[in-house]
Structure formats: C-alpha cells, structure tokens
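Enquirer:
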Amino acid sequence: MLDITFIRENPDIVRAALKNKNREGVVDLDRVLALSEERKTLAGEISDINKKRNEAQAARDAEAGKSLKESLKTAEEKYQALEKELVGMLIKIPNIPSADTPVGPDESGNKVVREWGDKPNFDFTPKAHWDLGRELGIIDSEKAVEVSGARFTYLKGDLALMQFAILQMVIKILTSREELQKIIDKAGLKVDAKPFVVVVPPVMMRSQVMNRMARLDPIDERYYFEKDDMVFIGSAEHTLGPLHMDETIPESELPLRYVGYTVAFRREAGSYGKDTKGILRQHQFDKIEMEVFSKPEDGLAEQELLVAVQEHLLQELKLPYQVVLVCTGDMGFPDQRQIDIETWMPGQEKYRETHSADYVGGFQARRLSTKVKRAAGESEPVHMNDATAIAMGRTLIAIMENYQQADGSIRIPDVLQPYLGKDKIEKQR
RNA sequence: GGAGGCGUGGCUGAGCGGUCGAAAGCAGCAACCUGCUAAGUUGUUGUCCGGGAAACUGGACCGAAGGUUCGAAUCCUUCCGCCUCCGCCA
0 MLDITFIREN PDIVRAALKN KNREGVVDLD RVLALSEERK TLAGEISDIN KKRNEAQAAR
60 DAEAGKSLKE SLKTAEEKYQ ALEKELVGML IKIPNIPSAD TPVGPDESGN KVVREWGDKP
120 NFDFTPKAHW DLGRELGIID SEKAVEVSGA RFTYLKGDLA LMQFAILQMV IKILTSREEL
180 QKIIDKAGLK VDAKPFVVVV PPVMMRSQVM NRMARLDPID ERYYFEKDDM VFIGSAEHTL
240 GPLHMDETIP ESELPLRYVG YTVAFRREAG SYGKDTKGIL RQHQFDKIEM EVFSKPEDGL
300 AEQELLVAVQ EHLLQELKLP YQVVLVCTGD MGFPDQRQID IETWMPGQEK YRETHSADYV
360 GGFQARRLST KVKRAAGESE PVHMNDATAI AMGRTLIAIM ENYQQADGSI RIPDVLQPYL
420 GKDKIEKQR
C-alpha cells in the first residue's frame, strides 16, 4: 500500500502508475483523494466529541453523556465506512516504478541489461530436460500424474541429490562474510557484507497476513483452505516478509538479511496448456529465497547485492544467463523495481526465467507495520527486497540441458561434484 | 480433543467500575557525589494521530473486535495468542 500523503501530494505519478498497470478503471483516484480529505475532517470531529464526552464524564452529567454517546456512535460508524472504502481502494493501487524502469505494456517492453557466459555448442542435437529426465530415470512424470495429477513430478536419485548439493552450496556462500565480500567487490558495490540468517519458514499462513503482504490477489493463484482461512505460500518470501510485522527496528540493526528454504505452491490457474512438459511449471517446487529489510536509502543497493548474488551463483554453476530490467507493464504489483534473470536452456533453445529480484520499497512494510526507528527518533516503514537465490526445478533443468553429453549422460558442474561425490549422472532406476 | 489458568508501558509486576496513561521495582537518560573494575542520591523517561515556530495543547491506545454503563484496564460476548494438567502424536 502506498502512503496516502504521497498520493495526495503526487496524484499525477499515481495516475501514471495506474495507467501502466491498466488499472485506471479499477481505482477512482479522485474518489481516493476526496475520501482522504473527508476522513481527516471526520477524525477532527470525533476528537472534539471525545473531548466534550470526557468533560461530561468528569461532571457526572448523565444527560449530556448519553447524547454525546449517540453523536460519537454516528460519527464513528461514518468514519469506519469511509475508512473501509478508502483502504479498499488504496490496496488496489500498485507501487510506483523506479525512475530507471522501462515503460512498456508487457514482457515485450523488458530490457536486457547484460549477458554472461557462452552458450554451449553441441556436436549433437541437445535434448529437452523432460526427455533426458525420463531416459536417465531421474524424473518420473507418469507416476506423478497418476498419484497427484498434472504438474507434479518425482525427482529421483542423483537429480534429487543434486538439489541438496545446490542447497548446501548456496547456504555456504550466503552465510559467509568472506564469500559475500568477494561478491560485493566483484560487483563494485558499497554495502556491508553482513551474512544472511538461514530460516526454515512456515509454508502455510493466515490469509489476512498474506493480504498485508499484498500477495493474496489473485486468490485463484493460491491454494486456499477455507475451513482454516489459511493459504499455502507461493514463495518463502510470503512468510519471510512478515517476520517482523508489528515491530519497530532500530536503524543500527539494519540491514536484516534472511535466506529461507521452502517448498512453494502455485495453482497455475490461467496457464493451462503452457509448459506442460517436464518440471518448468509445477504446482510444487523447492526454492531458496532471500529477503532483506533495510533503511529506505539502502533499498536499491540491497537489490543490487541480491542480483549480484544471483549472478554469482549462476557463474559458479557456469550457466549462461541474461539480466533483464522488467518494464512497467510486466512488473509485480508491489514492485518498485524488478530485475529478472533468464538462464539459457539449450534443449528448448530459449532463455527462461529462473530468478527474480523485487524491490518493493515501503509498500509491504506499511501494511505489515514493520518500521525503522531512526537515530533522530522518528520512525518510518522499512524498505524490503525479496529475491530468488535458487528456484530448484528450473536450475536443475538448466544444468541438465547445458551439461548434457553425447552419450545421454549429464556432467555434474565442478562446484557441485564435492557434494555429490561423482562427476556425472548416468542412467539409473 | 478434554479440564483449568492468563494476556497491563523496554522488562518484571500492581490495579478488578470514576481520583488510571496507569503503583512499585528493574533497565534507560541527566545532574550531583564518590577513588578502586562501578555504587549511591535526586530528577527524568511510553507510542500513535491532530493543532502550534516553540513552550505547549486536544484525542486515542492496558492482546483484537464488539457490547453494557453518564463513565471500563477493570463487567459481558466473540476472536487471537500463551501457560498448566490429561489424551494423542513425528
């Protein structure tokens, strides 16, 4: 949610943001501004009534007390109705894109800012991961369909082990001040190398808190348990973000950096028939996610750090990728700036999205009520960043397709070999 | 799942219908004092919203939302959370 004061002072910027997201018809900004004025006036009236009421009570004036009680009730009911309508509209207003975000209608407007790595040259026709997976016996989709339905798979044997190897590699880097310092130096950044705290967060949460995270809509994308009013998370970000809700953090303690490992659930409503083969688009996949709480002025630099971490991980795995600055029409609702990384998938001859880094500013913190206490004494919403460290399924795909050999086996990336104790994946059952 | 208990300021904890934004202690801050690794004395210290240049001032806040009452931290209802015992369980 945006700050109402900001909206009042910058209606044109907000109007532009609505236009970019095709939400002009969804939110009547003039109504929002009128409501906020009305709310202010009414709050003053309520305060006055309360003053008189306190006086009546002190005088034990029953008659005046009764009548004031009535006026208070009327005023408060009006205030609540107004507040409800106002907030209902406020939460439909997307965040304001950063100055360097390209303007565009959809993903066609995204901008590739850099590429890394050489795409592999094969002297044979490279296979897609679903064929490799089936032939090697490390992905079983047929049985998963019978047991769980479409968009579920069994990862087996060395492929499952590779997932754990990646997890260990990533955790080792993110918890090491020295490793982070190397990444920071390499990227030419000026941030502290404070290590990430490892978290295993809940995968279910109250729908109400998900709403405060501005991630409940569209509800069709969530697995929702009506009986308990709970939703499955679509990312560790959803339960890492509220880790400090209703808290005020002294600025000396920031930044707070977390890395969470969870399964993520996506209903994939509306993507029927898209990417149905293999493990690219699953209802369930494991993911390592980073979440950072920072001072507002450090938010963009923290995003740069998260992107640098993502790039470092892909470079360690020697996977070719491109970094994409996501445009206004394609970026997430709470995002101020979104940077995606797409990794080369030779079996499909395409770059596919494997990482996303979302800088949301104070957009989520405002409703979560996570604040920073400045040294001078005042407090304001903290700024938040969330970013993929590794989306397991898609990273496994990239490794399988980039490291495939003429004989149908898959070479294991050098950095992962120590964790797996071998150098290639061969046919197994 | 059954039975009982409890949610008060940064912490501990009193208050059980008006004199309560709330005792006391601890912690914090300031001044004074003191020669031994810091103690003592005194004063002071909650958050949020509005008005004011400021001093200051009006309002709200005792888990949350409703209700009773002229008046609620105190009584009632619902919800959320925590604790103890029993049952069950990884």
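Residues in the first sequence are numbered consecutively from 0, following numbering that gives the first Met the number 0. Note that beta-carbon positions come from the ideal geometry of N, C-alpha and C, so glycine has one too.
#1: Could you check what DSSP says for His311 in three-state terms: helix, strand or coil?
#2: Measuring CB atoms only, is the region 319 to 332 touching the region 181 to 200, in the sense that at least three cross pairs come out at less than 8 Å?
#3: Give every residue of the same chain whose Cβ lies closer than 7 Å to the Cβ of Arg280, excluding the five residues on either side of it in the sequence, and list them in chain order.
#4: Pull up the distance between the alpha-carbon of Ser70 and that of Leu85, whole angstroms please.
#5: Quick one, which of Gly156, Phe292, Gln314 has its alpha-carbon nearest Thr342's?
#6: Rounded to the nearest angstrom, what separates Val31 and Asn49 at their Cα positions?
#7: For Val322, which residues does DSSP report across the bridge?
#8: Among Val291, Gly298, Ile218, Phe123, which has the Cα closest to the Cα of Val197?
#9: Can you tell me the Cα-Cα spacing of Arg14 and Glu8, whole angstroms?
#10: Ignore the nearest five residues each way along the sequence and tell me which others in Ala55's own chain have a CB closer than 7 Å to its CB.
#11: Cα separation between Glu106 and Lys91?
#12: Since Phe5 is in the alpha helix (DSSP H), which residue starts that stretch and which ends it?
#13: Does the region 340 to 360 come into contact with the region 254 to 262, if we say contact requires no fewer than three beta-carbon pairs (one atom in each stretch) closer than 8 Å?
#14: Counting Cβ pairs closer than 8 Å, one from the region 404 to 415 and one from the region 164 to 171, do we hit at least three?
#15: Identify, in the order they occur along the chain, each residue of the same chain with its Cβ nearer than 6 Å to the Cβ of Glu400, setting aside the five sequence neighbours on each side.
#16: In whole angstroms, give me the CA-to-CA distance for Thr100 and Pro194.
#17: Would you grab the beta carbon distance between Leu81 and Arg38 for me? Rounded to a whole angstrom, and I think it's under 8 Å.
#18: Using a Cβ-Cβ cutoff of less than 6 Å, which residues in the same chain neighbour Ala386 once the five nearest sequence positions on both sides are dropped?
#19: Can you give me the Cβ contacts of Lys370 inside the same chain, cut-off strictly under 8 Å, excluding the 5 residues immediately before and after it?
#20: Can you tell me where the beta strand (DSSP E) with Phe231 in it begins and where it stops?
#21: Can you give me the Cβ contacts of Gln403 inside the same chain, cut-off strictly under 7 Å, excluding the 5 residues immediately before and after it?
#22: Cα-Cα, which of Arg214, Ser46, Lys72 is closest to Arg265?
#23: Look up Ile389 in the DSSP assignment and give the residues it is bridged to.
#24: Output the boundary residues of the beta strand (DSSP E) element that contains Tyr222.
#25: In this structure, does DSSP put Met244 in helix, strand or coil?
#26: Report the residue from Glu425, Ala74, Arg22 whose alpha carbon sits nearest the alpha carbon of Asp406.
Expert: According to the structure shown:
#1: helix
#2: no
#3: Arg150, Glu267, Ser270, Lys273, Asp274
#4: 22 Å
#5: Gln314
#6: 27 Å
#7: Arg113, Ile340
#8: Val291
#9: 12 Å
#10: For Ala55, where only same-chain residues beyond five positions count, the Cβ hits under 7 Å are Ala63, Gly64, Leu67.
#11: 22 Å
#12: 3 to 8
#13: no
#14: With the cut-off at 8 Å, the region 404 to 415 and the region 164 to 171 touch.
#15: His128, Met344, Pro345, Gly346
#16: 29 Å
#17: Taking C-beta atoms under 8 Å as the contact rule, Leu81 and Arg38 qualify, at a distance of about 5 Å.
#18: Met289, Leu305, Ala356
#19: Glu246, Thr247, Ile248, Ala364, Ser378, Glu379, Pro380, Val381
#20: 229 to 231
#21: Pro125, Lys126, Leu131, Ile409
#22: Arg214
#23: Ile287
#24: Tyr222 -> no beta strand (DSSP E), and no H or E assigned at all.
#25: Three-state DSSP puts Met244 in coil, outside helix and strand.
#26: Glu425
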